[in-house]
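Residue numbers (our numbering): 14 to 344.
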Amino acid sequence: MVLAASVRMSARAVVAVLAATLVVSCSDGDSGAAITVGAGNSAQSELIAEIYAGALARGGTPTATRTRLGQRGDYLAALDAGTVQLVGDDSGDLLSALDAGSRARWPDKLAAAAATTTPAPGAKPVPDVSDAVSRALPEGLAVSDIADGTDLRPSFVFAPAPAQQFPDSLADLAPHCGELTVGIATGSELDPLRRSPDPRHDVLDPLHAVYGCDITHHTVYPSDSELRKALRDGQIQAGVLTAPVTLLPGGAGELVPIADPDYAFRARSVIPLFRKGALSGRQIKQLNRVAGELTTADLATDSLTEMVRRIRDDHAVPRELARAWLDAHDI
């Protein structure tokens, strides 16, 4: 199996990152080959690995986790080498790593059919992320159901006062975009596995292309926290974060996110990625059960973003949160 150069790593580096702690999960009735679930260097990646491992273990599969494998290229290389059989990833970010030129932004065809904007005459259909990921996968890798209740896209947010003056959807904001002072966060503060966005390519151009939203007054900030401070200090009216506003330390607070119904920012949801032939149909069904229950909904007390914040900021133990989540969802 050959991976794209952008996600390759040396054999020596693979050995180094696989020196991570091994954590074993099991249940009564374990049978068959053990499955090792990998995780990169982020709270979200480690939490998803523990949830997957726990779900498989409860279905009778002996499992282990190998965490702190590094960046996306590192755990893709571990999959390539067979030292792990399964990882949890982010659909949109995975697509960016595998096919940097992909135009896909919708999560699936159903969402694309519900578009609120009308494509320009003669415009080519924009592919959906689910299909694009499947097409871009290296030989020997496969995915199962995307957790479509998880929305990990960057948030466009307003400070409280401007939020009362402007529309609550990007679809309606276009006539006002030129009036706004907008901050754009860079860096990887909220998701260490997500590459730092390019303000023009990843923010300004998509807003123009999808909604006709032309931002003429923008300031780039080195982190999401710096952008939030600028909003609180009144230096800017709105901002584009690198990830969901709920991943900010302490949560969204007073910031008001607005809707992106036509996915100017590419769909990003949790997706299982595994070696072909490593999982049985029964095991894949267990992962699909997880996909059907995971959510980033604000009102959920065990939302993915809430759990990630607890691990990152409050030093909660990922395996304990995963166990409680599986119990709560009868998995």
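Virtual Cβ for every residue (Gly too), placed ideally from N, Cα, C.
Checklist entry - Are the Cβ atoms of V321 and Q98 separated by less than 8 Å? => result Start at 1 with the first residue of the sequence shown, and residue 321 comes out as number 308. Start at 1 with the first residue of the sequence shown, and residue 98 comes out as number 85. In this structure, Q98 does not lie closer than 8 Å to V321 by Cβ.
Next on the checklist: By alpha-carbon positions, which one of L154, P120, P151 ends up nearest to V139?
Outcome noted: Sequence index remark: in the sequence shown, residue 139 carries index 126 (1-based). Minimum Cα distance to V139 is reached at P120.
Checklist entry - Under the rule that 16 or more other beta-carbon atoms within 10 Å means buried, what is S38, buried or exposed? => result Here the question's residue 38 lines up with position 25 in the sequence shown. At S38 the pLDDT is 45, less than 50, meaning the model places this residue with poor confidence and gives no usable figure here.
Checklist entry - Of the choices L82, G266, L150, whose alpha-carbon is the least far from that of V104? => result As a first step, residue 104 is located in the sequence shown; it is residue number 91 there, counting from the start. The amino acid occupying residue 104 in the given sequence is Ser; Val does not appear at that position. It is L150.
Item to check | Nearest to G234 (by Cα), restricted to the options P212, A176, L261, A184 | outcome: Numbered from 1 along the sequence shown, position 221 holds the residue referred to as residue 234. Checking the sequence, you will find Tyr at residue 234 rather than Gly. Ranking the options by Cα distance to Y234, first place goes to P212.
Next on the checklist: In the DSSP assignment, the alpha helix (DSSP H) including L107 goes from what residue to what residue?
Outcome noted: Taking the sequence shown and counting its residues from 1, one reaches residue 107 at position 94. Residues 104-111.
Checklist entry - Buried or exposed: where does R332 fall if 16 or more other Cβ atoms within 10 Å of its Cβ makes it buried? => result By 1-based counting over the sequence shown, the position of residue 332 is 319. Label assigned to R332: buried.
Item to check | Pair within 8 Å by beta-carbon distance, D164 and S55 | outcome: Here the question's residue 164 lines up with position 151 in the sequence shown. Here the question's residue 55 lines up with position 42 in the sequence shown. For D164 and S55, no; Cβs fall outside 8 Å.
Checklist entry - When the Cα atoms are used, what is the spatial distance from A251 to T194? => result For the purposes of this step, residue 251 is taken as residue 238 along the sequence shown, with counting starting at 1. For the purposes of this step, residue 194 is taken as residue 181 along the sequence shown, with counting starting at 1. Straight-line Cα distance between these residues: approximately 6 Å.
Next on the checklist: Since T2 and Q296 should fall inside the 8 Å C-beta cutoff, what is the C-beta to C-beta distance between them, to a whole number of angstroms?
Outcome noted: In the structure displayed, the chain extends from 14 to 344; residue 2 sits before or after that span and is not available.
Next on the checklist: Just to confirm my understanding: we take E63, look at its own chain, exclude 5 residues before and 5 after, and list those with CB closer than 7 Å. What are they?
Outcome noted: Here residue 63 is taken as the residue at index 50 of the sequence shown, counted from 1. These residues qualify, in order along the chain: T78, P331, R332, A335.
Item to check | Neighbour-count burial assignment, G53, 16 or more Cβ in a 10 Å radius | outcome: Mapped onto the sequence shown, residue 53 falls at position 40. Looking at its Cβ environment, which holds 16 or more other Cβ atoms inside 10 Å, G53 is buried.
Item to check | Inside the region 166-239 only - beta strand (DSSP E) runs reaching at least 3 residues | outcome: 169-171, 194-198, 230-234
Item to check | Terminal residues of the alpha helix (DSSP H) in which V321 lies | outcome: Stepping through the sequence shown from its first residue, residue 321 is reached at position 308. Here the alpha helix (DSSP H) through V321 covers 317-327.
Next on the checklist: Please report the straight-line C-alpha distance between L35 and I48, rounded to a whole angstrom.
Outcome noted: Locating residue 35 in the sequence shown gives position 22, counting from the first residue. Locating residue 48 in the sequence shown gives position 35, counting from the first residue. Unreliable placement is indicated for L35, whose pLDDT of 39 sits below 50; the coordinate value is still reported in the next sentence. For L35 and I48, the distance between alpha carbons rounds to 12 Å.
Checklist entry - So what does DSSP say about I344, is it helix, strand or coil? => result What you label residue 344 is simply residue 331 of the sequence shown in a count that begins at 1. The answer is coil: DSSP assigns I344 none of H, G, I, E or B.
Checklist entry - Which first and last residues belong to the alpha helix (DSSP H) in which I271 is found? => result Walking along the sequence shown from the start, residue 271 turns up at place 258. Unbroken run through I271 is the beta strand (DSSP E), 269-271; no alpha helix (DSSP H).
Next on the checklist: DSSP three-state label for D141, please.
Outcome noted: Counting from 1 along the sequence shown, the entry for residue 141 is found at position 128. Three-state result, D141: strand.
Next on the checklist: Mapping the DSSP letters down to three states, classify A127 as helix, strand or coil.
Outcome noted: Here residue 127 refers to the residue found at position 114 of the sequence shown. Residue state, collapsed to three classes: coil.
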